[in-house]
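The structure is reproduced here in structure tokens:
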């Protein structure tokens, strides 16, 4: 069974701790650009696998991460 984060804090923990991916400005910007591109193959697969609602939440979480990075 896959665990799907439901909140920003759960998602951030998943990315930074479980997956060991640092939320750098470059990484966050690249993910936002990809997730905003509905023609991107990986974005289409993400939506097919996880659904529109989770896509929207994930994009929102990356935007929140970008805002937090900009504030630092």
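Numbering (the working numbering), first residue to last: 32 to 103.
Yeah, the Cβ is synthetic: ideal placement off N, Cα and C, and Gly gets one too.
Note that the structure is a prediction, hence the values are computed from the model and not measured.
message = Three Cβ pairs or more, each shorter than 8 Å: is that satisfied between the region 80-91 and the region 63-72?
response = yes
query = If you follow the alpha helix (DSSP H) that residue 89 is part of, which residue opens it and which one closes it?
reply = 83-102
C-beta atoms of residue 92 and residue 42 nearer than 7 Å = yes
key: Three-state secondary structure assigned by DSSP to residue 80   = Helix, per DSSP.
task = Can you give me the Cβ contacts of residue 46 inside the same chain, cut-off strictly under 8 Å, excluding the 5 residues immediately before and after it?
result = 52, 54
message = What does the alpha-carbon distance come out to for the pair residue 49 and residue 37?
response = 15 Å
inquiry  = According to DSSP, is residue 62 part of a helix, a strand, or is it coil?
reply    = helix
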